[in-house]
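Here's the structure we're looking at; comments come further down.
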Amino acid sequence: MKKIFFKALPFAALCLAVTFTSCHSGSDKGTAATEQSDSSKYASTIDGKSVKLYTLKNKKGASVSITNYGGRIVSLLVPDKNNKLTDVVLGYDSLGAYRKKGEPFFGALIGRYGNRIGKGKFTLDGKEYHLQLNDGVNTLHGGNDGFFSKVWDAKQDGQKLELSYVSNDGEAGYPGKLDVKVTYTLTDDNALQIDYLATTDKATVVNLTNHAYFNLNGAGNNTILDHELTIDANAYTPVDSTLIPTGKLQPVAGTAFDFNKAKTIGKAIEENDQQLKFGKGYDHNFVLTHHDGKTPVAVVKSPVTGITLEVYTTEPGLQFYSGNFLTGVDKDGKGGKSYPHRSAFCLETQHFPDAPNHANFASTVLKPGETYKTSTTYKFL
């Protein structure tokens with residue numbers, strides 16, 4: 136299902152209608168956590184706006200802590216096979232670490248355009264737009280001035296957190312004033328639902344996602360290569376050496392990219408495949424077979440904790456990233472842990488990378504009078 140566009144309604148009414156990427160590391164047995172993040176380490180003022188940490192907790196004791204700085208998921212505690220709470224997302228213990236140079240978008244809301252845009256430019260309605268280059272010759276996750284670095288207005292209502300942000304015309308090079316609302320909801324069946332809404336006053340491109348880094352063995356564990364992964368996709372979008380799609384839809388059958396039958400992430404990651412060399416592992420967009428929000432598009436299982444993650448989305452693509460650029464050099468993760476190479480994976484629901492420059496990809500154009508509406512759920516079993 137393509138992202139849905141509606142004729143413009145009052146924004147508040149629309150929102151009421153929505154329900155809601157060799158060092159010390161953790162033990163191979165996983166890293167359990169039973170405490171929520173310390174909210175006092177996130178209380179601050181940035182650009183004149185108040186930053187806080189908000190915690191949603193369900194009836195089963197699972198919880199998610201989110202800061203309105205970048206809309207970042209800081210911790211996500213879910214029960215393991217022994218009903219012990221385990222923090223399954225990477226992040227930091229304090230706000231300052233999220234602002235350091237080169238920080239890898241841990242848990243952030245990504246916009247105005249998730250993933251990459253080739254050479255940082257696109258043409259819309261006959262006009263060429265130039266974006267901030269922050270990934271070599273390309274633009275990644277909206278540029279240096281992306282949504283991950285913004286302070287969002289926040290409103291919590293029990294197990295629901297609504298974040299809103301206005302991106303002005305020309306911000307980071309994108310056209311149009313974009314009004315965005317993102318709602319996080321923690322359900323009582325241990326699912327984190329993320330609903331996105333946006334409207335614009337000028338034609339623009341929009342591709343919103345979340346960049347949570349998962350390790351179902353526990354945040355701080357040293358690998359995700361033992362995780363068993365299934366992705367419901369018969370094709371993926373191959374990339375060039377700068378990780379920009381070539382425009383082709385490549386069948387996964389017979390390749391290291393075939394996850395239609397469950398296999399460990401590490402099984403084929405070192406195969407002699409040019410695409411794996413370009414990405415230094417998996418860092419590719421998969422063309423989803425089903426994306427109705429009701430059928431799992433990906434399933435991941437940990438052999439250590441027994442935790443299973445199911446992903447549901449209305450987006451046509453899924454960026455699977457195997458944490459290839461994590462280094463573990465800094466020991467500033469939660470609890471003083473390092474996050475070494477391939478110690479986390481990302482499953483970023485999205486439209487395709489560089490779609491504004493590929494007519495055969497599903498359009499990411501949003502026009503005045505339309506509403507961008509999409510939903511993704513991460514459910515833990």
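Numbering-wise (my numbering), the sequence shown opens with residue 136 and increments by one. Just so you know, even glycine gets a beta-carbon here, dropped at the ideal spot from N, CA and C.
Classification of residue i by the beta-carbon crowding that lies within 10 angstroms, buried from 16 upward
i    : result
H265 : exposed
Q328 : buried
P488 : buried
E306 : buried
S175 : exposed
A333 : buried
G249 : buried
E263 : exposed
T156 : With a pLDDT of 37 at T156, under the threshold of 50, the modelled position of this residue cannot be trusted, and the question is left open.
E505 : buried
N407 : exposed
T318 : buried
V301 : exposed
G281 : buried
Residues of its chain near residue i, where Cβ-Cβ distance is below 6 angstroms and the 5 sequence neighbours each way are ignored
i    : result
L501 : T335, T339, V341 and Y507
G416 : I404, S457 and N459
K184 : V286
Member of the options whose CA lies at the smallest distance from the CA of residue i
i    : options                   : result
K285 : K187, D393, K436 and F480 : K187
Q410 : E483, T499 and T390       : T390
T512 : L482, Q267, V422 and P386 : L482
L230 : S210, Y371, I366 and N356 : S210
H276 : A243, V199 and K290       : A243
N369 : E363, G355 and P386       : P386
F421 : K469, G278 and F496       : F496
K194 : D367, T322 and G471       : T322
Q291 : Q267, F283, L313 and T320 : T320
V214 : V199, G470 and T424       : A small fix is needed here, since residue 214 is Pro in this sequence, not Val. Minimum Cα distance to P214 is reached at V199.
Cβ-based neighbour list, residue i, same chain, cut-off 8 angstroms, excluding 5 preceding and 5 following
i    : result
N273 : R251, I252, G253, K254, G255, T377, L378 and I379
L522 : For residue 522 there is no data in the structure shown, the boundaries of the chain being 136 and 516.
K216 : T440, G441 and I442
Bridge partner(s) assigned by DSSP for residue i
i    : result
Y189 : I201
A368 : L423
E363 : T399 and K436
E450 : DSSP output for E450 lists no bridge partner at all.
F283 : The partner list for F283 (beta bridge, DSSP) is empty, contrary to what the question assumes.
Contact under 9 angstroms by Cβ, residue i with residue j
i    : j    : result
T448 : H419 : no
I181 : L191 : no
A197 : N325 : yes
T484 : N350 : no
H493 : G382 : yes
G293 : T358 : no
T365 : A397 : yes
E363 : T399 : yes
Nonlocal neighbours in the same chain, by C-beta distance under 7 angstroms from residue i, ignoring five residues either side
i    : result
S299 : W287, D288, V315 and K316
A479 : L225, Y348, F349, N350, I359, G458 and L461
Y204 : I181, V186, L230, Y233 and V286
Beta carbon proximity, residue i to chain B, threshold 9 angstroms
i    : result
K469 : Absence of chain B from the displayed structure is noted, only one protein chain being present.
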